[in-house]
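Okay, so here's the structure we're looking at.
Residue numbers (full-length UniProt numbering): 1 to 179.
Laid out in structure tokens, this is it:
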């Protein structure tokens with residue numbers, strides 16, 4: 001049996017969960033999220049926990065069991081604590097400027113500055129000219145926005161210049177051998 005799927009999802013106080021057929025809606029202090037659970041999986045509400053059940057041991061049911069439980073757990077964590085992804089900018093002259101909580105301006109070695117607007121539900125934090133954070137309640141959206149920012153100038157392997165995740169290890173290459 002799925003080890004992750006059979007774990008109950010703890011529901012902290014202050015979080016309101018409504019189950020309408022396959023639609024699970026979670027409302028908490030930071031906002032609200034909803035997710036449609038895939039067909040054979042069912043969600044049952046207990047006292048302080050949610051149980052994710054599967055009808056049989058078919059391959060599809062097993063695959064969706066743990067996934068559905070994790071997605072619901074991520075929604076509960078998102079509306080209570082939220083998610084943050086930190087990024088660093090490395091390179092001479094590379095920097096980020098905050099133009100409000102939902103707009104950033106990047107100088108990344110191109111001939112022009114790059115203005116990046118946040119989608120709805122995402123805010124940015126900047127800690128100096130080379131560190132920034134992507135903050136939101138939807139884990140998938142936070143990761144997608146952080147990946148799109150990293151895509152503006154990926155870290156290159158020779159000098160390591162570019163936008164990288166905080167703590168990301170860039171595999172370095174040796175340059176040309178001089179005579």
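Beta carbons are placed, not taken as given, at the ideal position from N, Cα and C, and that holds for glycine.
Skipping 5 residues on each side, what residues in its chain have a beta carbon closer than 8 angstroms to that of residue i?
i	result
residue 121	31, 136, 137, 138, 141
residue 102	117, 118, 122, 123, 124
residue 40	54, 55, 56, 58, 60, 61, 64
residue 159	91
Which residues does DSSP list as the beta-bridge partners of residue i?
i	result
residue 22	According to DSSP, residue 22 bridges with nothing at all.
residue 34	25
residue 164	88
residue 136	83, 122
Which value, in whole angstroms, describes the spacing of the CA atoms of residue i and residue j?
i	j	result
residue 89	residue 96	8 angstroms
residue 107	residue 132	13 angstroms
residue 74	residue 157	34 angstroms
residue 48	residue 37	20 angstroms
residue 64	residue 72	12 angstroms
residue 93	residue 33	39 angstroms
residue 152	residue 57	44 angstroms
residue 155	residue 177	22 angstroms
Tell me which residues share the same chain as residue i and place their Cβ nearer than 6 angstroms to its Cβ, disregarding the 5 neighbours each side in the sequence.
i	result
residue 86	133, 166
Run through DSSP, which three-state label would residue i get?
i	result
residue 131	strand
residue 44	strand
residue 53	strand
residue 17	strand
residue 9	strand
residue 179	coil
residue 144	helix
residue 150	helix
Give a single yes or no on whether residue i has its beta carbon closer than 8 angstroms to a heavy atom of the ligand ADP.
i	result
residue 179	The ligand ADP is not among the ligands present in this structure, which contains no ligands whatsoever.
In its own chain, which residues sit with a C-beta less than 7 angstroms from the C-beta of residue i, not counting the 5 before and 5 after it?
i	result
residue 110	none
residue 115	103, 105
residue 4	66, 69, 70
residue 126	96, 98, 132
Exercise for the section: Could I get the ranges of all uninterrupted beta strand (DSSP E) runs contained in the stretch 68-120, with 3 residues as the minimum, in chain order? Expected result: 83-90, 95-98, 103-107, 114-117
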